[in-house]
Ligand code: AMP
Ligand code: GLY
């Protein structure tokens, strides 16, 4: 098969690596890709939002399957454009990607179908939001409705902060049109777990659990980022938690979407919080997590191309997902200043240590090749993943690997997977 991947980050590198393991994959392309992805796929300079050009490329090259890694094209309707031209594509249509694209939609869906989540109200008028806050208890959580690069969530400790937050989101439009509506919701406490799943419209098959570290600095300090590191599995995702989520969350979400006339095909990413009162949905995403994919996919035994095809064909009930009985840790090496302002173009040293090194994967998030040399080309630069028999071994391996890699002004968190020690 000829397969086209849409995206350019560490997640897409992990997807490209995993697809390349499949005997079904004869030729892989990635648009636009990055320097690391180039090892497995031919990168083509077409942007992820250029749907017509992507579809024309898929036709020209007789692509058998397109796999979309990123949220923006999915929410923007890339799947509908491809399907209208009878091109096979893995991912939710626009009317289903709204599960991630609109937090107000997803909250209303959960309320309607009794899926456990934080109590909330949706607002379209900043005056009403401000009035509501006068009688609220704090801390409280404000969320811009639409996509905001993972930055549209504000946790406010006081009424004053919250009022400022409403103005930032709805009046100053800091997150653009994403702030035309907003959700105000109850603040919850507990551990966070990410569970990714494959869905074919009716059937859902969950992958192994993972945990992300969203803040830039050690001890969960600093600004929110796309994710500074992950580990898998989460030791807090117990059989009891899994049983609860299977009964109340996973299939219920898939059934709710089908019931609403929005059958979901693709990956649903459940962002869960394990509260005192049981698991609650924090958010849904309509794609693999980044860097969750970098720890989940290296542990997956299945041929991922078969799983993608089963999702597209509606035959996922015939697939049994299998994962290695090991663990993986991913540490993100970022460029100084990320997530605010950072420079690009620093040469990267040490990549040669990881050529075909079993149990180690250096996924490129933001790199490019200049005169045959890898240089930094983004805020998150590399995702350094190592596997091990257990989480502690995987973590030690990942941090050993990080020591072999360097570029100017690089930084990483030193406490990825620290929670493991509390088990
Ligand atoms: P989201 O984009 O909805 O996942 O939110 C980003 C982050 O904000 C989450 O990973 C949580 O750490 C935090 N968060 C979101 N909603 C809540 C909530 N209701 N209570 C506490 N923390 C939250
Ligand atoms: N790592 C969080 C996300 O991909 O949304």
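Residue numbers (the working numbering): 837 to 1259. Cβ coordinates follow ideal geometry from the N, Cα and C atoms, glycine included. On a predicted model such as this, the values are computed, not experimentally measured, just so you know.
Contact test: residue i Cβ vs the ligand GLY heavy atom, cutoff 7 Å
i: residue 1048; result: yes
i: residue 905; result: no
i: residue 1128; result: yes
i: residue 1063; result: yes
i: residue 1060; result: no
i: residue 1202; result: no
i: residue 1102; result: no
i: residue 1125; result: yes
i: residue 1121; result: yes
For residue j and residue i, the rounded distance between their alpha carbons
i: residue 1151; j: residue 1091; result: 16 Å
i: residue 966; j: residue 941; result: 21 Å
i: residue 985; j: residue 1062; result: 7 Å
i: residue 992; j: residue 1001; result: 8 Å
i: residue 994; j: residue 897; result: 56 Å
i: residue 918; j: residue 931; result: 14 Å
i: residue 1192; j: residue 1134; result: 14 Å
i: residue 987; j: residue 946; result: 22 Å
i: residue 878; j: residue 870; result: 10 Å
i: residue 1246; j: residue 888; result: 37 Å
i: residue 900; j: residue 996; result: 54 Å
i: residue 837; j: residue 1259; result: 44 Å
i: residue 1105; j: residue 1239; result: 31 Å
i: residue 1116; j: residue 1049; result: 18 Å
i: residue 1011; j: residue 999; result: 16 Å
Residue i CB to nearest heavy atom of the ligand AMP below 7 Å
i: residue 1118; result: yes
i: residue 979; result: yes
i: residue 1022; result: yes
i: residue 1112; result: no
i: residue 991; result: yes
i: residue 986; result: yes
i: residue 869; result: no
i: residue 872; result: no
i: residue 1015; result: no
i: residue 836; result: Residue coverage of the chain in this structure runs from 837 to 1259, which leaves residue 836 outside it and unanswerable.
i: residue 1028; result: yes
i: residue 1107; result: yes
i: residue 998; result: no
i: residue 965; result: no
i: residue 954; result: yes
Neighbourhood of residue i by C-beta distance below 7 Å, restricted to the same chain and skipping five residues each side
i: residue 937; result: 911, 982, 983
i: residue 949; result: 1088, 1092
i: residue 1212; result: 1171, 1180, 1181, 1182, 1184, 1202, 1203, 1243
i: residue 891; result: 917, 918, 921, 923
i: residue 1147; result: 926, 1034, 1035, 1036, 1101, 1102
i: residue 1084; result: 951, 952
i: residue 1235; result: 1167
Residue i, DSSP secondary structure in three states
i: residue 958; result: strand
i: residue 1156; result: coil
i: residue 1179; result: coil
i: residue 1229; result: helix
i: residue 862; result: coil
i: residue 1192; result: coil
i: residue 1073; result: coil
i: residue 857; result: coil
i: residue 1206; result: strand
i: residue 969; result: helix
i: residue 1022; result: strand
i: residue 1200; result: strand
i: residue 931; result: helix
i: residue 1048; result: strand
i: residue 899; result: coil
i: residue 882; result: coil
i: residue 890; result: helix
i: residue 1137; result: coil
i: residue 1034; result: strand
Beta-carbon proximity list for residue i, same chain, < 8 Å, skipping 5 on both sides
i: residue 1022; result: 954, 955, 956, 976, 977
i: residue 1229; result: 1163
i: residue 1233; result: 1165, 1195, 1196, 1222, 1223, 1224
Same chain, Cβ closer than 6 Å to residue i, five either side skipped, listed in chain order
i: residue 1166; result: 1065, 1066, 1127, 1130, 1131, 1219, 1221
i: residue 1069; result: 1044, 1045
i: residue 915; result: 925, 927, 929
i: residue 1261; result: No statement about residue 1261 is possible, as the shown extent of the chain runs from 837 to 1259 and does not include it.
i: residue 1119; result: 1107
i: residue 865; result: 840, 877, 878, 880
i: residue 1098; result: 931, 932
Original post:
Hey, is the segment 963-971 in contact with the segment 1151-1163, meaning 3+ C-beta pairs nearer than 8 Å?
Top reply: Because the criterion of three Cβ pairs below 8 Å is not met, the segment 963-971 and the segment 1151-1163 do not touch.
Original post:
If you pair each beta-carbon of the segment 1170-1179 with each one of the segment 844-857, do three or more pairs fall below 8 Å?
Top reply: No, the segment 1170-1179 is not in contact with the segment 844-857.
Original post:
Okay, do the segment 1005-1018 and the segment 1032-1049 touch, 3+ Cβ pairs below 8 Å being the bar?
Top reply: Verdict: no, contact absent.
**OP:** Indicate whether the contact test is met: 3 or more Cβ pairs, each with one atom in the segment 878-893 and one in the segment 901-911, closer than 8 Å.
**Re:** Touching, yes, given that three or more Cβ pairs across the two stretches are closer than 8 Å.
Original post:
Within the chosen definition, does the segment 1047-1061 reach the segment 1248-1255 through at least 3 CB pairs nearer than 8 Å?
Top reply: Yes, they touch.
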